[in-house]
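Novice:
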Amino acid sequence: MSLVNDMLNDLEQRQRSSDAKPQLEVVPVGRSVVTQKKSWMLSLLVMGLVVMLTVLSYQYWPHSKKTLISKEVNTSVVDTQVALPTPVAVKQEINDLLIESYKNEGGFQLVFIADKLDYQISPIDKTHLKIIIEDVSWSPSRLSLPDWLSEIHSVQNNDGVEITIKSSQPFSYQAQLEVMGNQQNLAVVMKTVTAALSQGQQDKTVSRTIKPNIEKPAAVVAVKKPRALTSSQLDRKASAEAQQLIHRGSYQQAEQKLWPVVDGYSGAKESRVTLVTLLLGQQRYQLAEQQLDIGLKNYPQERRLLKLDARLSMAQGRLENARDSLLKLPINISVDSEHVDLLAVIYQGLGDHQQALKLYHQLVLFDAEKSQWWVGLGVSMEASGQVSNARAAYLRASRLPIKNEALKQYISQRLAAISADTKG
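Just so you know, this note's numbering puts 291 at position 284 of the sequence shown, and the rest follows in order with no gaps.
#1: In terms of residue numbering, what span does the beta strand (DSSP E) encompassing L184 cover?
#2: How is the alpha helix (DSSP H) around R342 delimited, first residue to last?
#3: To the nearest angstrom, report how far apart L372 and S391 are at their CA atoms.
#4: Does the Cβ-Cβ distance between L336 and R310 come in under 7 Å?
#5: Taking A363 as the reference, give the member of R255, V347 and A247 with the closest Cα.
#6: To the nearest angstrom, how far is it from the Cα of I409 to the Cα of L184?
#7: Here's the rule: buried if 16 or more other CB atoms are within 10 angstroms of the residue's CB, otherwise exposed. What is A249?
#8: Should S129 go down as buried or exposed, given a rule of 16 or more other Cβ atoms within 10 Å for buried?
#9: Please identify the residue among H135, G356 and F178 whose C-alpha is closest to the C-alpha of T171.
#10: Would you grab the beta carbon distance between A400 and W381 for me? Rounded to a whole angstrom, and I think it's under 8 Å.
#11: My output table needs one value for T284: the three-state DSSP class, helix, strand or coil.
#12: Between the Cα of E345 and those of S239, Q369, D300 and L52, spot the shortest distance and give me the residue it belongs to.
#13: Can you grab the Cα-Cα spacing for the pair R406 / Q289, in whole Å?
#14: Any idea which residues DSSP pairs K365 with across the strands?
#15: Excluding the five sequence neighbours on either side, which residues of its own chain have a C-beta within less than 8 Å of the C-beta of W266, listed in chain order?
#16: Measuring straight from C-alpha to C-alpha, what distance separates P153 and G271?
#17: Would you kindly report the start and end of the unbroken beta strand (DSSP E) that includes L505?
#18: Does DSSP put I338 in a helix, a strand or coil?
#19: Can you grab the Cα-Cα spacing for the pair G385 / I340, in whole Å?
#20: For L414 and Q293, I'd like the C-alpha separation in whole angstroms.
#21: Answer with buried or exposed for R330, where buried requires no fewer than 16 other C-beta atoms within 10 angstroms of its C-beta.
#22: Leaving out the 5 sequence neighbours to the left and right, which residues in its chain are closer than 6 Å to A182 when beta-carbon positions are compared?
#23: If we ignore side chains and look at the alpha-carbon of each, how far apart do R243 and S419 end up?
#24: How far does the beta strand (DSSP E) with P267 in it extend, from its first residue to its last?
#25: DSSP on G383, reduced to helix/strand/coil?
#26: Under DSSP, the alpha helix (DSSP H) around L236 begins and ends at which residues?
#27: From the DSSP output, in three-state form, read off G392 for me.
#28: Could you check how far apart the C-beta atoms of D142 and D125 are, in whole angstroms? I think they sit under 8 Å.
#29: Please determine, among I106, D132, D343 and K123, the residue with the shortest C-alpha to C-alpha distance to S161.
#30: Run through DSSP, which three-state label would D103 get?
#31: Tell me, which residues are paired with Q355 by DSSP?
#32: Quick one: what does DSSP say S144 is sitting in, helix, strand or coil?
#33: Please identify the residue among A427, Q379, E296 and M388 whose C-alpha is closest to the C-alpha of E412.
#34: Assuming Q297 is part of the alpha helix (DSSP H), what are its boundary residues?
#35: When you compare the CB positions of L319 and A295, do they come within less than 7 Å of one another, or not?
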């Protein structure tokens, strides 16, 4: 713009200087017209130059500013995108589902166990049943199936578990939901109806052959069908039958009674106690430990399981673990003298004879006719330096009936050793 102003000032100065000069009286022909024409063209040229420069500066300046703004906006957008927090996926917690199965003659039972059970049972036809348990997760495991079930299929999806049951025979079903502690149990009992149908057909055939002059009975006595056993009833029944087999020395048959129950029902307390006792007697420690882990997970304060766990630890030389298992129980000799006896033996094994003495004193006061408790008292007294008291305890034990020959020999050896030391 300063260039345009300079040009305009220069033109004005020239015009003033030309006006200041005296005009010639003699003017050539046509000169005045040419001068005016040049002045007009020069002014037009200057004005065109001014307009051109103005347009160029206008186009350049806004374009540069717009470009700068555009860059700033783009930078801001990029920064905003980077600053956005990463979305966090929210995981939905799903119930763990446990499915147990039981079979008997003409019947089959599925038990679904979870913290919360939302279920749908839909019979497709007489031989096809669909069970949907919503919002659960299940790891397929071995189920005990009867011969008349041709297929049982499970599908896990985001909504839960869908189980399809197909049978080679028509069957009926009955479902019952129970609340046990913090869990819900859904028992679905299925029975074949072939036998019932055939019996009904036989009855109809017989009724057709009855002569008209034979009077029909006034009333028909209704025969109650046996109800399917619950899981806890099956557990107690299997344990009782297995114990009878163990007493007869049929250990393998006893196991065959117990394994299907403990495999199909994690809460099978009675059968599991019987099985672990049998396994410990056969020194099958690994299987016994596996069953104890399952049992104590479901019943952490069950006395029999804790005592079996202590016996397993003792057999494996882990006396500290055995002691810790028994200390989870309150010491009450009138409720469980075996618990106190086991703990006293463990304290002796650990060399803690002061604690052992306290427990053996309680035991002999509770029942003075147990020779093994007097022997235990004598052992801890002798280890604590109470030799004369130890001898008295051994003598008391020797006067009681003793069936164990090894225990008799031990008492005789200790009495002889104490007498020799006293004489020396």
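Virtual Cβ for every residue (Gly too), placed ideally from N, Cα, C.
Specialist: Checking against the coordinates, here is how it stands:
#1: F178 to M187
#2: First, the amino acid is wrong: residue 342 is Val here, not Arg. Element bounds for V342: n/a, residue is neither H nor E.
#3: 20 Å
#4: yes
#5: V347
#6: 54 Å
#7: buried
#8: exposed
#9: H135
#10: 5 Å
#11: helix
#12: Q369
#13: 34 Å
#14: Paired residue(s): none; K365 is not in a bridge.
#15: L282
#16: 14 Å
#17: Residue 505 falls outside the range modelled here, since the chain spans only 8 to 431, and no answer is possible.
#18: coil
#19: 20 Å
#20: 30 Å
#21: buried
#22: I128 and V195
#23: 45 Å
#24: Careful: P267 lies outside any beta strand (DSSP E), inside the alpha helix (DSSP H) at Y258 to G271.
#25: helix
#26: Segment: none, L236 is in no alpha helix (DSSP H) and carries neither H nor E.
#27: coil
#28: 6 Å
#29: I106
#30: strand
#31: Per DSSP, none; premise fails for Q355.
#32: strand
#33: Q379
#34: Y292 to N305
#35: yes
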